Every structure is written in C-alpha cells, then in structure tokens.
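As structure tokens, the structure follows; a few thoughts come after it.
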Amino acid sequence: MSVFDPARAHPAPGATCARSAREHGHALPILHEIRHALERLLASGEETRIDLQSMPFGPGDLERLTAVLGQGEVQARVEALGPTLIQETAIPGVWLVDYRSLEDQRLSYQIEIATLPEILRPRPEDLAESLAALDARLSESGLDAAAPNASPSSS
Amino acid sequence: MRKRPDKTLGESLRDHGLSRRGFLKLCATTASLMALPPSLAPAIAAALEQARRPSVIWLSFQECTGCTESLTRSHAPTLEDLIFDFISLDYHHTLQAASGEAAEAARFQAMEENKGQYLVIVDGSIPGPDANPGFSTVAGHSNYDILMETVEHAAAVIAVGTCAAFGGLPQARPNPTGAMSVMDLVRDKPVINVPGCPPIPMVITGVVAHYLVFGRLPELDAYHRPLAFYGQSIHDRCYRRPFYDKGLFAERFDDEGARQGWCLYRLGCKGPTTYNACATMKWNDGTSWPIEAGHPCLGCSEPKFWDAGGFYEPVSVPLTLGPTTLLGAGAAGGVIGGGLAAMARKQVKQDAATRQPVTVDELEQKL
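Residue numbers (the UniProt record's numbering), protein chains in the order written: chain A, 1 to 155; chain B, 1 to 367.
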C-alpha cells in the first residue's frame, strides 16, 4: 500500500488524457451557458448550478474549461461528510465546487454562478440556533462569571 | 435489523452527527447521482428528510457476479453508505455473513416483515418454467421458484445487468439453459431494467436513490430502462461525435485515425444503437470509459447484444425497421404495463431475427 499513490489511482475526470491537445469542442457551449447564467445573476439575482459530471467531456475538455475560467482570490474548504473544495474563478460570481467523499474521491463537480456558493452560507436553521450556541459556549467557558463587572445574561 | 427502520433518513443521519451542511452536500451529490439538475437539491433534501430505508432482497441467479462487483465499486454513495444509510440490505448471497438455512431464513423474515414494501434486485437470468430447473438452484430450489416466491409481495423488481434485464449471455444462441429475463417472467409487478455488462455502479445506486427519494419508480423507456440514464444514445453523448459528423473515422486500431482519436464507428462501435450513460458517468470513479480508451462500444446494455453480429463489424440495424424507429425505441417514454412489456419482448425477438449488416454509406443515407 505504501507505494500506492491514491491521488494517482483516483485522478480527476479527464485528467488521464490531458496530454491530448485536440479540441473536442465541448468547453465552448458550457462557457456560453455560464455567460447566460451570469447575465441572469446580474439582472435578477437568479443563481445557476451546472453539473460538470453530466457533461460528455472528452480528454482535456475539463482542463480547457477551467483554464479559460482562471483562478480568483478565494479558496475555501468545508468539512462536512468529507471535504468540499471551493475555488473562485477569475470571473467574479463564478465558482468551482468540488464535492469529495471521506476517502477524497470526487462525488460531484459543479459550477455555481452566484454571489456565494450555497454550501458556504450557514443554513437558516443553524443561524436561528446561533445565539443559543454562543450563550452555551460562553456559559461553559466561565468567562462571563469571572469578569469583574459580570452581569446576568440578557437571555 | 430486518424490520423496516422506524426513523426517517433525516433523523437517522442527524443521529449519526451529520450537519446541515453535510446534508445539503448529500442532496447535491444525490441530484448528480440521479442525473437530475443541481437546482433540484432542495426538493431532494425535503424528500430525503422524510424517506425511510427500504428493505432490499438481492437475488443472484445465472450470473458471473460482475454486477455485484460493479456495485462494490460505487463511490457516491459507496456500498457501505448504500447498505447502512440508504437501504436495509437483508439478503445477498455474496455480501451477507449468514449462510445456509440462516441466510434463507433472513430472506423469509424480510419478506414477512416488509410485505408489499420491499424491493427485489435480481442479477442473472433464470431458467424458465419449462427448462430443466437443475441448471441453476439455490438451497435446492430452482431459480424460477425463488424468484416468483420472492416477488409475490414486493413493491417493485429491479433487474440489474443485461442477463437479468434481457437474458444476456446465458440466453445467447443456442440458449442451452432456457434462460429468460425477469420481465419475461414477472408480469404483475413493476420491473425496472438496469442493463449493462456490467451496469455502471452509479446507475445501480442511482435507481435505488430515486426510489428512496421520490418513493416511486423513475420514468422508463420501452425496454423498462430509466430514461435518466438510458434516454440518450452513446453516439449522441460521445465526445468523438464531432469526428463522425466530419466523416473522420479510424479504420484500424493502429492507424492514424485511431491515434488522432477519431470516431470508432467503422471499427464496430455500437454507440449509435446503444443507450447508456457511459459517456457522461464513465467508469472507475469517472476516470474513463471504453471509447475514451480507444475501444468501440459493444452495445452491452441492449437486448441480444451477444447475437447481434460481430463486435468489430460496423453496426447492424434491422432493415425491416426504419432507423428512426430503432434509435427512438430507447428514448420513447414508457409506462409500466404488461402491454408495453409484451411489445418490447416482441420487438426484441423481431430485432434479433431481422438484423442484417449494412454498410456505413447505407446507414448514413438512412440517418
């Protein structure tokens, strides 16, 4: 097992034949779809998600697409049911979201056209519980009781 | 635990410490798995929250275990996730720990306690009622008797692999064991065919996930295949299709066309008459698929593919049917019913009887 490199065993789709420089023409329609989605986002705030794994990409198509989109300033990682890697592209509002399993295998690879990818936002149910969560942690820490001018919790 | 779990999937996942973000991720990847648009993730979340794990009985008959091997390669969900989170797999020869009478007792218990609600998954063809039952038995009982007994109170039957769906290799001429498909034998239950030799693992789990999420069977084509995965031909989704359109073909496996990655049509590719999801879902965790590896599609998800002419001869079509009819057969929307099943079986037989090789030029004229 020690000589077995998991990263080589589970390459990203399309990466195996990246040597191919041939143009299969499948990146361009996706780029046009992204353009239309961006227009909708700017005009009405409507968000769009594109599942790249449902695309009939040939060798090199995915690399060609991501190369055109480029790399932006933001990278994020969410640890929930395995890692999810988020990369802003050079186009603001266009995000690459790579859902991976606990074994770091790709589950889904999507493009989100949104101000912020959905998985980065706190869930509304979690947000509703945030004050109670903070109060509980404050209480557990004992900091509020130890403070010189401690006052009873407002809640 | 044989009895259908009392907890919903949402409750069960929360008990396991799954966060709401984790649940959202599960729904996003489930949408991808079911070949649904990512925008449906919220609807999937609402459905999964209330879903209950169905009891599943997996029957293996005249098969090579390749379909189970394929299932164990599923990575989203993994086999472990499938068994522990999505379904209650109560009987499976190869995977279960129990054996002998204890194994059969598990099947009977699951049937009794989940009457009318359990799913039956079948891989392998079945020697028909008129065949010698000795060709394939389990615990001393014929495959036919076990199948009919088990499906009697099932909610639905999923035929996994081309052998279960269409008879497959055991049914190839001269069909020495009298092999029949599940839909040849089961007439009064919904039958979903998930053909392929083997099927793509994600398609197997995708069909189960669809039943779990929506509580009903997916939309099917005339051969009872889920349209979400079998709705388009390999040819139409093939990344080499632009070369076909330009008339650029590999003529041999070692010529310049092959090296350039041109269309494999003249090397016998059955992509134009084959409906499957290989071109998008691919194999080995989405790494590649036969055509990307330089080999023509064999058409393994189609009826009678073993008897449909040489694998390396240009595609054959039944001359008595127009190509439009043939190409449309898989894409045509279907509903579950005996009438359609009978039509499909009849067409399968007609197709096999009338297949004639045609030249590329002849086919292109028809297309």
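Built from N, CA and C at the ideal position, the CB exists for glycine as well.
In this text, all values refer to a predicted model and were calculated from it rather than measured experimentally.
Item                                                                                                                                                                 : Value
Can you pull the DSSP bridge partners for residue 95(A)?                                                                                                             : 88(A) and 112(A)
Smallest Cα separation from residue 215(B): which of 185(B), 99(B), 73(B) and 118(B)?                                                                                : 118(B)
Just to confirm, are residue 228(B) and residue 242(B) a CB contact at a threshold of 8 Å?                                                                           : no
May I ask you to check if the CB of residue 312(B) is nearer than 7 Å to at least one heavy atom of the ligand MN?                                                   : For the structure depicted, the ligand MN is absent and the ligand set is empty, with no information on it obtainable.
Taking only beta-carbon positions, decide if residue 218(B) is within less than 8 Å of chain A.                                                                      : no
Can you name, in chain order, every residue of its own chain whose Cβ lies under 6 Å from the Cβ of residue 49(B), other than the five neighbours on each side?      : 10
Once you ignore the five residues that flank residue 263(B) on each side, which residues in its own chain have a CB closer than 6 Å to its CB?                       : 240, 243, 244 and 249
Suppose the cutoff is 7 Å on Cβ atoms and the five residues either side in sequence are ignored; what does the same chain contact list for residue 235(B) look like? : 241, 271 and 272
Within 10 angstroms of its Cβ, does residue 299(B) collect 16 or more other Cβ (buried), or is it exposed?                                                           : buried
Using a C-beta to C-beta distance shorter than 7 Å, which residues of chain B count as neighbours of residue 125(A)?                                                 : 20
Any C-beta of chain B within less than 9 Å: which residues of the region 41–75 of chain A qualify?                                                                   : 47, 48, 49, 50, 51, 53, 54, 55, 56, 57, 58, 59 and 61
Name, in chain order, the residues that DSSP records as bridge partners for residue 125(B).                                                                          : 62(B)
What is the rounded straight-line gap between the Cα of residue 74(B) and the Cα of residue 277(B)?                                                                  : 15 Å
Give the DSSP-derived three-state secondary structure of residue 27(B) in the structure shown.                                                                       : helix
Taking only beta carbons into account, state which residues of the region 91–115 of chain B come closer than 8 Å to chain A, listed in chain order.                  : none
Give me the subset of the region 81–106 of chain A whose CB atoms are less than 7 Å from a CB atom of chain B, sorted by chain position.                             : 81, 84, 99, 101, 105 and 106
Who are the near neighbours of residue 99(A) in its chain, counting only those whose CB is closer than 6 Å to its CB and skipping five residues on each side?        : 84, 107 and 108
Would you list the residues sitting across from residue 288(B) in a DSSP beta bridge?                                                                                : 283(B)
Comparing alpha-carbon positions, which option in 55(B), 63(B) and 20(B) lies nearest residue 46(B)?                                                                 : 20(B)
Identify which residue in 291(B), 137(B), 207(B) and 279(B) has its Cα closest to the Cα of residue 368(B).                                                          : Lying outside 1 to 367, the shown extent of chain B, residue 368(B) is not represented and no answer is given.
Quick one: does residue 205(B) have its CB under 8 Å from some CB of chain A?                                                                                        : no
Along the chain, where does the alpha helix (DSSP H) containing residue 50(B) start, and where does it finish?                                                       : 41–50
Have a look at residue 232(B) and residue 57(A) and give me their C-alpha separation to the nearest angstrom.                                                        : 15 Å
What residues from the region 282–316 of chain B come within 7 Å of chain A, judged by C-beta to C-beta, listed N to C?                                              : 282, 285, 286, 287, 288 and 292
Quick check on residue 239(B) - is its C-beta less than 8 Å from some C-beta in chain D?                                                                             : Absent from the structure is chain D; the protein chains it does hold are A and B.
Taking 8 Å as the CB-CB limit, is residue 25(A) close to chain B?                                                                                                    : yes
Cβ atoms of residue 48(A) and residue 157(A): under 8 Å apart, would you say?                                                                                        : Lying outside 1 to 155, the shown extent of chain A, residue 157(A) is not represented and no answer is given.
Classify residue 198(B) as buried or exposed, calling it buried when 16 or more other Cβ atoms lie within 10 Å of its own Cβ.                                        : buried
What's the gap between the Cα of residue 16(B) and the Cα of residue 23(B)?                                                                                          : 11 Å
If you follow the alpha helix (DSSP H) that residue 143(B) is part of, which residue opens it and which one closes it?                                               : 143–151
Is it buried or exposed for residue 141(B), if we count other Cβ within 10 angstroms and need 16 for buried?                                                         : exposed
Could you tell me if residue 129(B) is buried or exposed, where buried requires 16 or more neighbouring beta carbons within 10 angstroms of its beta carbon?         : exposed
Spell out whether any CB of chain B is found under 8 Å from the CB atom of residue 108(A).                                                                           : yes
Run the CB neighbour count on residue 69(A), radius 10 Å, all protein chains shown included, and call it buried at 16 or more, exposed below.                        : buried
Flag residue 113(A) as yes if its beta-carbon sits less than 8 Å from any beta-carbon of chain B, otherwise no.                                                      : no
Closer than 8 Å by beta-carbon distance: list the chain A residues that pair up with residue 8(B), in chain order.                                                   : Going along chain A, no residue has its Cβ under 8 Å from residue 8(B), so there is no contact; the nearest lies around 16 Å.
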